[in-house]
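Residue numbers (our numbering): 4 to 891. Heads up, the beta-carbon is just placed ideally off N, CA and C, and yes, glycines get one too.
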């Protein structure tokens, strides 16, 4: 009654102030089409009114904030009406429409409704009740706050109002809103579904954010009532204003985000309109907050939010959406959007000013989500078919019927579409349930995609999750869902921390050095008697000493490889003793062969010293043994490399180099320099034992510390220098005949050594935890490289080759058959006699002929290669040769 008086007074004021026509400019709507029966629509294409705080008179509202979703809902309304008009569903009857925008504001919606109801006022200046307005039904509004205001007014006229999205439970009240209907369930069902969703995933510690309008308040109360039945507690409840132009909205959003950040709740239910959620998530993304968000139907399928920059970083999003369905031809209609001939549509004209491409609307809006708007129009069409008594050819019924007749018919409508039956229950609601939506991450586009992962059926009142769909949880490589729990008993290893909110308490881990061995301890107990505990432990124990124990798997592996190395050395010694007089062993170096074995034995021994509890003596011995052993090995190999290098120099250069070829001096000097390096290291920067312990580990690591690392570095660098020299000399003599030539073996063994220790150096410098294991492995690899490059070939020649294939004569024959010319394979008494005396090989002058045409300075082998070697019993033999730089 009060609203009716308000309406009369409003029209009276307008009549007095602006003339007798109630169709004042501010009531005009943005789209219309003539028809036999008019249907009105209250859209919300613009999301806010800008001049609310400055209005002091009934001025025109200035609306802004174009909303693509609401625009597509309006187009669904128009397209469905035009589809019906172009069909034979209502033969001979054309549906018209008038569309007005509410700008998401209740007062603006009342003005638009007044305009729709006054369209057929036949008496100028008459502003009273019209019992039979031309508009027979109104579809809308989108938001419950607006629908509630309009429903009060339309109840006076009993004009049916059908909403496809206003879900507030208050609108189910048949006494206050007798003409209101909706093609969706009420929030009473949605809030029950949301409470069951949190219970299904065992989230009983939930924060809630709601708007201060009737929709938000009623939804909050409905959720709290149902959450209590599901044993779900609320961590916090925050309120935001419904209107976007509220002057302090940004500060309020920042405070709400801060509450989310500070709360231990990992799940947040948001009952807000789409535009408010957009502003909220803008701040959430800015603050880099991730939670599990539960969406109300107002934004559960919002494309505007799903394509926000950074939306993939906010966490998981779930929500309930009203059931969806197809709308044949609507996709093409949007792509070829145009104003139908004979109609007016300022909204389309405004949209086309933006210059968007034809696929824009289908990309930014999920057109399946406007299914309920289509159902609203079809409900009216099915009711009109009965009122107008339509058959297949005509509709003879009276087209000028009062709206309440349509309302009565709508309450009884029952039709089937897409294999589903639709009807309004006694509360004026459809009972078609909800789809459970999950916002799946699209990492390539950085956006979210809507995926139906389950449903909520109103009859069964239970959540059904599709078992064939694996939900991809945020920040999880498995199917483990997030945890947001409240009031669980604190298990051993944790203690209570009382909460100021609701019925909950938190459980915190006992810190390092404390423990709890029972349930629901108020405080953790300290460790006693030198024991320790880690965070969250139920008892204290002594820390373990960590080193290479003899029975550990790592120690066993290195011990096996070391013993295998000793076994190979023993086998090598036997072969040496058995074949010591053969050219193979003599060419291998004689006593040098034994010295290399000694060096390898020292290296393998150093690896064994890595095992066991370290002490200062072991720390010193293992590095010194390796340094001296491998220096001895490389010094011996240096002698062999130098021997080949000098032997194949031109004769005029051999004389300069032969004086440096003194194997005992080279080997002794090479090893002695390493001895000096190790002495200085042990005196000035000696290795020591290091004990490492931390509060976050139950281990005391006992390991060797090589001082500052300078001495250790000099030791390794010196060996590397010797190895590099060996490599260079061997590389220079690599073209020698291959029967007794060892340059290839030297090159390979030195490459193995250099590669292994170059790889080890950065690991040692970075102090990687397993650097000791890597060093021991490096020693083994280097040692095995020497065995298989220098000893194994000799085993093969001694054991597998025929005796006549490894004689000196066989070697000379091979040299003769070489394609390059050989400048001098051996020397005469005037050549490199000192090398002859060391190798024990002698060739007579008659066996070597001068080549006067040769540009070199040495000898060439005669064509017959009639060379005969005499073995010396006092020394080893070595065949020296050098190649011409030019072919014969």
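Any idea which residues DSSP pairs residue 508 with across the strands? 501
Since residue 719 and residue 691 are thought to touch, with beta carbons under 8 Å apart, how far apart are those beta carbons, to the nearest angstrom? The pair is not a contact, with the Cβ atoms about 19 Å apart (cut-off 8 Å).
Drop a sphere of 10 angstroms on the beta-carbon of residue 156, count the other beta-carbons inside from all chains shown, and report buried for 16 or more, exposed for fewer. buried
Would you call the segment 79-86 and the segment 380-388 in contact, with 3 or more CB pairs under 8 Å? yes
By DSSP, does residue 179 sit in helix, in strand, or in coil? coil
Thinking residue 252 and residue 211 are a contact (beta carbons under 8 Å), I'd like their distance in whole angstroms, please. Contact flag wrong, Cβ pair sits at about 19 Å.
Continuous beta strand (DSSP E) stretch holding residue 236: start and end: 236-243
Tell me residue 524's beta-bridge partners as DSSP assigns them. 498
Given residue 159 as reference, the closest of 178, 149 and 143 once Cα atoms are compared: 178
Buried/exposed call for residue 322, threshold 16 Cβ in 10 Å: buried
Give the single residue among 725, 419, 463 and 106 whose Cα lies nearest to the Cα of residue 637. 725
Cβ contact check for the segment 212-220 and the segment 448-463: 3 or more pairs under 8 Å: no
Between residue 727 and residue 685, which are expected to be in contact by the criterion C-beta below 8 Å, what is the C-beta distance as a whole number of angstroms? The Cβ separation is near 26 Å, so there is no contact.
Which residue's Cα is closest to the Cα of residue 494: 483, 508, 554 and 485? 508
Within its chain, find whatever has a CB closer than 7 Å to the CB of residue 74; leave out the 5 residues flanking it on each side and keep chain order. 48, 350 and 354
What span of residues does the beta strand (DSSP E) with residue 451 cover, start to end? 450-460
If you run the structure through DSSP and keep just helix, strand and coil, what is residue 440? strand
Alpha-carbon to alpha-carbon, residue 780 and residue 499: 50 Å
My output table needs one value for residue 531: the three-state DSSP class, helix, strand or coil. coil
For residue 279 and residue 116, the rounded distance between their alpha carbons: 25 Å
Decide if residue 261 is buried, meaning its Cβ has at least 16 other Cβ atoms within 10 Å, or exposed. exposed
In chain order, what residues of the same chain have a beta carbon less than 8 Å from the beta carbon of residue 316, not counting five sequence neighbours either side? 288, 291 and 293
Report the three-state DSSP secondary structure of residue 86 (helix, strand or coil). helix
Buried or exposed: which applies to residue 802, given that a residue is buried once 16 or more other Cβ atoms fall within 10 Å of its Cβ? exposed
Exposure label - residue 58; buried when at least 16 CB within 10 Å: exposed
Cα-Cα, which of 138, 629 and 600 is closest to residue 612? 629
Residue 461 to residue 170 span [Cα, whole Å]: 15 Å
Nonlocal neighbours in the same chain, by C-beta distance under 7 Å from residue 327, ignoring five residues either side: 371, 372, 374 and 438
So, is residue 746 buried or exposed, given that buried needs 16 or more other C-beta atoms within 10 angstroms? buried
I'd like the span of the beta strand (DSSP E) that includes residue 139, first residue to last. 138-142
Quick one: which unbroken beta strand (DSSP E) runs of 3-plus residues sit fully inside the segment 296-332? Chain order, please. 320-325
If I measure Cβ to Cβ from residue 301 and keep anything under 7 Å in the same chain, skipping five residues before and after, which residues do I get? 275, 276 and 277
Hey, would you say residue 635 sits closer than 8 Å to residue 674, going by beta carbons? yes
Closest by CA to residue 535, which one among 625, 682, 703 and 666? 703
Please state whether the Cβ-Cβ distance between residue 755 and residue 788 is less than 8 Å. yes
Nearest-angstrom Cα distance between residue 773 and residue 366? 54 Å
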